[in-house]
Amino acid sequence: GQNIDQPTEMTATEGAIVQINCTYQTSGFNGLFWYQQHAGEAPTFLSYNVLDGLEEKGRFSSFLSRSKGYSYLLLKELQMKDSASYLCAVSNDYKLSFGAGTTVTVRA
Amino acid sequence: SAVISQKPSRDICQRGTSLTIQCQVDSQVTMMFWYRQQPGQSLTLIATANQGSEATYESGFVIDKFPISRPNLTFSTLTVSNMSPEDSSIYLCSVEGGSGNTIYFGEGSWLTVV
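Protein chains in written order, with the working numbering: chain A, 1 to 108; chain B, 1001 to 1114.
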């Protein structure tokens, strides 16, 4: 079975840093994806981790520890437009199992 | 990156009818998938669209309710059959980006069943 957990909601201030944690227990693993989804829109790809460690992409970074079944997405220098849902997804042969999503609200 | 177009983008459907959603990709892709996102929930995989053979369905989804076609490497359709209000969802087409490290989604098809 697939079990992917992430917090439901997080609130942060503009300019701050927020870390969204994701823990997983899955029957197969080919990599872990993070997506951003604004209300009324489709998910957009943010990051992919297949090996342990940190992947940095501008203001967004993602970390993976396969032995711990753990990942996090780090959002730095938060902007109002970063208010969205962030989805953690585990890939097994390119088939994705998603967590419930974390709604991030950025306040001025 | 792959560009994925879905049609229709939105529709309001009558209970008991069927609707076919199209997914067109701007390049040949091996792996294509269909997902559903019910209101307030995350995405759930419906099936893998296999080129030249029957789709592979996930637990809880059946071919009679969600028939899928994949005539070539750039196109697929998902039909939502005999719709009920519970089928009101976003339906999303997804493809593997070719390098193994990206999976893209189409813009989604927002269906409301009344």
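Beta carbons are placed, not taken as given, at the ideal position from N, Cα and C, and that holds for glycine.
Of the residues the options, the one placed nearest residue i, counting alpha carbons only
i, options, result
"Thr-1020 (chain B)", "B:Asp-1087, B:Val-1080, B:Glu-1086", "B:Val-1080"
"Ser-83 (chain A)", "A:Asp-5, A:Thr-11, A:Gln-6", "A:Thr-11"
"Pro-1071 (chain B)", "B:Ile-1063, B:Gly-1052, B:Cys-1023, B:Glu-1058", "B:Gly-1052"
"Leu-1111 (chain B)", "B:Ile-1012, B:Ala-1002, B:Val-1025", "B:Ile-1012"
"Gln-6 (chain A)", "A:Ser-97, A:Leu-78, A:Gly-53", "A:Ser-97"
Span of the beta strand (DSSP E) around residue i
i, result
"Gly-53 (chain A)", "53-57"
"Leu-78 (chain A)", "Per DSSP, Leu-78 (chain A) belongs to no beta strand (DSSP E) and is neither H nor E."
"Gly-109 (chain A)", "Here chain A has residues from 1 to 108 only, and residue 109 (chain A) is not among them."
"Asn-92 (chain A)", "84-92"
"Gln-1024 (chain B)", "1019-1025"
Residue i - DSSP class collapsed to helix/strand/coil
i, result
"Glu-1096 (chain B)", "strand"
"Pro-1071 (chain B)", "strand"
"Asp-1087 (chain B)", "helix"
"Asn-49 (chain A)", "strand"
"Lys-1065 (chain B)", "coil"
"Arg-1036 (chain B)", "strand"
"Val-1101 (chain B)", "Reading off the sequence, residue 1101 (chain B) comes out as Asn, not Val. Here Asn-1101 (chain B) sits in coil by DSSP."
"Ala-1049 (chain B)", "strand"
| task | Give the residues from the region 1090-1106 of chain B that approach chain A closer than 7 Å (Cβ to any Cβ), ordered along the chain. | result | Leu-1092, Glu-1096, Asn-1101, Thr-1102, Ile-1103, Tyr-1104, Phe-1105, Gly-1106
| query | Is it true that the region 1081-1097 of chain B meets the region 17-28 of chain A, where meeting means three or more beta-carbon pairs spaced less than 8 Å apart? | reply | no
| Mind listing which residues of the region 1022-1051 of chain B have their C-beta closer than 7 Å to chain A's C-betas, in chain order? | Met-1031, Phe-1033, Ser-1042, Leu-1043, Leu-1045, Thr-1048
| Against chain B: residues of the region 42-60 of chain A by CB proximity under 8 Å | Ala-42, Pro-43, Thr-44, Phe-45, Tyr-48, Val-50
| message | Is it the case that the region 1059-1076 of chain B contacts the region 86-104 of chain A, given that we only count it when at least three CB pairs across the two stretches are under 8 Å? | response | no
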